[in-house]
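So the sequence shown is numbered by my numbering: it starts at 118 and just counts up by one.
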Amino acid sequence: GGSVRCMVRIGPMLWSGGDGGHLHLWRISDGSPVAEVTDATENGASLLNLAVVGGGVWSCSADGCVREWTLGNAREPPHCLRVLKVGLDEEGGAIDKCPRCCIPFGGHVWLAGHKPDIGIYASKSLERIAALPAHEKYISSMLLIDRVESRVILSTSLGDKKLKVWKHELRGDACRDADELQAANACYSDECNLLEQQFKE
Numbered sequence: 118g119g120s121v122r123c124m125v126r127i128g129p130m131l132w133s134g135g136d137g138g139h140l141h142l143w144r145i146s147d148g149s150p151v152a153e154v155t156d157a158t159e160n161g162a163s164l165l166n167l168a169v170v171g172g173g174v175w176s177c178s179a180d181g182c183v184r185e186w187t188l189g190n191a192r193e194p195p196h197c198l199r200v201l202k203v204g205l206d207e208e209g210g211a212i213d214k215c216p217r218c219c220i221p222f223g224g225h226v227w228l229a230g231h232k233p234d235i236g237i238y239a240s241k242s243l244e245r246i247a248a249l250p251a252h253e254k255y256i257s258s259m260l261l262i263d264r265v266e267s268r269v270i271l272s273t274s275l276g277d278k279k280l281k282v283w284k285h286e287l288r289g290d291a292c293r294d295a296d297e298l299q300a301a302n303a304c305y306s307d308e309c310n311l312l313e314q315q316f317k318e
């Protein structure tokens, strides 16, 4: 029950979350439900954001936690692998009691919400790397607008005795996120295996 506050598409699946702290997985082809996690947060706190990170899914919720989930499928619902309690730092001081934005950048994740700073975390270790002063009161949302991938290439010639530096840049869909592709491929593989199993039965 309650309002849907976040969605993310992963290949053939759509994840949704919202009030009540429930996670839902849907099959995009026909809108049928695939799986549900009813206790995805503490005390039914709202799920505020979903993002594909490192081949899994991260959720931000109003209980001050960021959770990492397996992809899940029709046979096995997603389960929580790790929990990052963003609400407290090492000294017990408040960092962000309500993370509502999650943007992955390669091996880093930008998290923001109730506080005016954007926290940058390492996706593998969950270590807080930096805090960027951003707004005066709090951060309502963040949106990844464009992907840019730059490569520097060196060329040398014994003929003209020169070294030249070249810069090659890809933008947008030309530089697809490897984490998104990995997660989508895993979901498609699960769907194919399920269909094959049903066909055999």
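Here a beta-carbon is modelled for each residue, glycine too, at the ideal position from N, C-alpha and C. A quick note: this is a predicted structure, and the numbers were derived from the prediction, not measured.
Query, Result
"Euclidean distance between Cα positions of ASP307 and CYS218", "28 Å"
"Start-to-end residues for the beta strand (DSSP E) that takes in LYS241", "Taken as a continuous stretch (DSSP letters only), LYS241 belongs to no beta strand (DSSP E), as it is neither H nor E."
"Buried versus exposed call for THR158 [16 or more other C-beta atoms within 10 Å across all chains shown]", "buried"
"Where GLU297 falls: helix, strand or coil (DSSP)", "helix"
"Pairwise C-alpha distance: VAL269 and GLY134", "41 Å"
"For ILE145, the nearest candidate out of PHE222, GLU286, LEU164, ALA301 (CA to CA)", "ALA301"
"Three-state secondary structure assigned by DSSP to ASN190", "coil"
"Backbone CA spacing between VAL151 and CYS177 [nearest angstrom]", "21 Å"
"Burial state of GLY148 (16 or more Cβ within 10 Å)", "exposed"
"Member of GLU266, LYS279, SER274 whose CA lies at the smallest distance from the CA of HIS109", "With the chain running from 118 to 318 in the structure shown, residue 109 is simply not present."
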